[in-house]
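Encoded as structure tokens, the structure appears first; notes follow it.
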Ligand SMILES: Cc1cc2nc3c(=O)[nH]c(=O)nc-3n(C[C@H](O)[C@H](O)[C@H](O)COP(=O)(O)OP(=O)(O)OC[C@H]3O[C@@H](n4cnc5c(N)ncnc54)[C@H](O)[C@@H]3O)c2cc1C
């Protein structure tokens with residue numbers, strides 16, 4: 283750790299993850315003249331780069347996720363933020379005043395504050411064709427993609443609160459919604475079940491699942507498998523929304539910060555975690571709505587709170603030296 287501090291590998295703040303939450307935190311921290319590093323495992327931009335159009339980010343029209351990510355990245359770099367992508371963190375130490383990160387390439391970085399923004403991923407069905415038609419008929423986000431299916435028939439997979447609530451919200455756009463669920467009952471609140479059951483545009487295929495997706499360029503049909511009989515039938519579907527759960531990318535910090543049973547990081551309103559100097563923001567925290575705008579908002583709050591923490595730490599040290 284001492285070597286890292288001497289080798290100029292010491293930062294005021296290190297942000298883990300370069301999605302919208304992490305890039306926003308990087309913009310705010312480096313603009314506040316704090317030496318900031320963002321370390322990212324995948325492509326800069328996070329889940330944003332998976333979508334061909336972000337239509338609900340205020341102030342910008344007709345922008346792809348990739349373009350929006352590049353603008354955020356450029357903004358962060360302009361203010362002096364260092365960004366390292368395609369990097370694996372091998373070891374992380376968050377307790378104590380100086381935090382340390384050991385990367386797979388052997389480099390060690392230290393800092394006084396960490397902002398965790400590793401995002402997450404929607405659970406997938408893991409069946410044939412699913413990867414081919416993600417963003418081309420298969421979606422995991424009703425708010426993001428519902429509008430693309432105006433006056434079309436769509437399918438929703440799942441039987442929990444998210445599936446039923448999102449199915450109802452999708453009726454604003456779709457002419458008909460078919461919910462496919464693996465059991466003969468739903469695992470949702472009674473009011474959500476009632477609302478879906480009583481909706482004239484929603485119908486149900488129970489004890490069934492999707493066993494394959496078909497199409498050429500875009501999704502054209504699905505195979506629905508009855509789990510009781512094993513029978514499979516093909517069903518025309520240009521749009522399928524899958525709501526079978528969400529997994530935050532927090533395995534690498536398990537046991538290091540407080541999380542709920544679902545692996546979501548627990549934060550206070552200022553995005554601080556239970557560890558001093560450690561903040562979290564974006565899709566990896568325990569919250570209901572996961573959007574670019576909410577990630578950006580969380581990243582802002584986390585960065586401002588971390589800046590304040592770093593300022594107080596500096597004042598405390600100066601007082602100690604003066605005493
Ligand atoms: C297909 C799709 C379409 C979407 N469309 C829209 C839309 O139109 N509008 C909208 O508002 N929202 C949309 N969303 C949701 C939106 O993209 C997310 O809510 C948002 O990106 C979350 O931001 P984040 O920064 O918290 O995490 P992410 O975007 O998930 O970014 C996290 C980053 O952290 C990195 N990371 C993970 N683990 C580690 C680790 N151990 N070490 C270092 N780095 C790590 C990842 O590689 C990733 O780059 C869409 C999502 C998907 C999947």
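In our numbering, the protein residues as written are 283 to 605. Note that beta-carbon positions come from the ideal geometry of N, C-alpha and C, so glycine has one too.
Length of the line joining the Cα atoms of residue i and residue j
i, j, result
"residue 387", "residue 600", "35 angstroms"
"residue 293", "residue 578", "22 angstroms"
"residue 417", "residue 336", "12 angstroms"
"residue 507", "residue 492", "6 angstroms"
"residue 471", "residue 540", "27 angstroms"
"residue 555", "residue 584", "10 angstroms"
"residue 384", "residue 469", "42 angstroms"
"residue 311", "residue 343", "27 angstroms"
"residue 453", "residue 572", "20 angstroms"
"residue 564", "residue 595", "25 angstroms"
"residue 512", "residue 560", "50 angstroms"
"residue 351", "residue 440", "30 angstroms"
"residue 567", "residue 546", "5 angstroms"
"residue 537", "residue 375", "11 angstroms"
Any non-hydrogen atom of ligand 1 within 7 angstroms of residue i CB
i, result
"residue 566", "yes"
"residue 526", "no"
"residue 498", "no"
"residue 547", "no"
"residue 404", "yes"
"residue 332", "yes"
"residue 363", "no"
"residue 442", "no"
"residue 559", "no"
"residue 343", "no"
"residue 340", "no"
"residue 384", "no"
"residue 371", "yes"
"residue 323", "yes"
"residue 424", "no"
"residue 577", "yes"
"residue 349", "no"
"residue 570", "no"
"residue 574", "yes"
"residue 309", "no"
"residue 299", "yes"
"residue 337", "yes"
"residue 534", "yes"
"residue 482", "no"
"residue 302", "yes"
"residue 544", "no"
"residue 531", "yes"
"residue 428", "no"
"residue 582", "no"
Reference residue i, options the options, closest by Cα
i, options, result
"residue 301", "443, 406, 332 and 290", "332"
"residue 313", "323, 603 and 586", "586"
"residue 299", "395, 317, 491 and 322", "322"
"residue 290", "305, 319 and 310", "319"
"residue 378", "368, 394 and 385", "394"
"residue 514", "396, 487 and 535", "487"
"residue 423", "369, 528 and 533", "528"
"residue 484", "575, 345 and 436", "436"
"residue 495", "367, 574, 419 and 361", "419"
"residue 367", "355, 407, 605 and 500", "355"
"residue 505", "327, 441, 410 and 453", "410"
"residue 438", "450, 432, 430 and 429", "450"
"residue 369", "326, 548, 466 and 345", "326"
"residue 400", "549, 297 and 538", "297"
"residue 475", "542, 560, 448 and 581", "448"
"residue 551", "347, 580, 510 and 477", "580"
"residue 553", "315, 536 and 582", "582"
"residue 406", "392, 421 and 398", "421"
"residue 397", "604, 307 and 546", "307"
"residue 309", "352, 557, 363 and 295", "363"
"residue 522", "305, 478, 480 and 412", "412"
"residue 456", "462, 477 and 427", "427"
Which of helix, strand or coil DSSP assigns to residue i
i, result
"residue 447", "helix"
"residue 576", "helix"
"residue 373", "strand"
"residue 472", "helix"
"residue 515", "strand"
"residue 566", "helix"
"residue 312", "helix"
"residue 352", "helix"
"residue 607", "The structure shown does not extend to residue 607, since the chain spans only 283 to 605, so no value can be given for it."
"residue 526", "coil"
"residue 521", "strand"
"residue 589", "helix"
"residue 502", "strand"
"residue 594", "helix"
Any C-beta of chain D under 8 angstroms from that of residue i
i, result
"residue 502", "The structure shown has no chain D; it contains just one protein chain."
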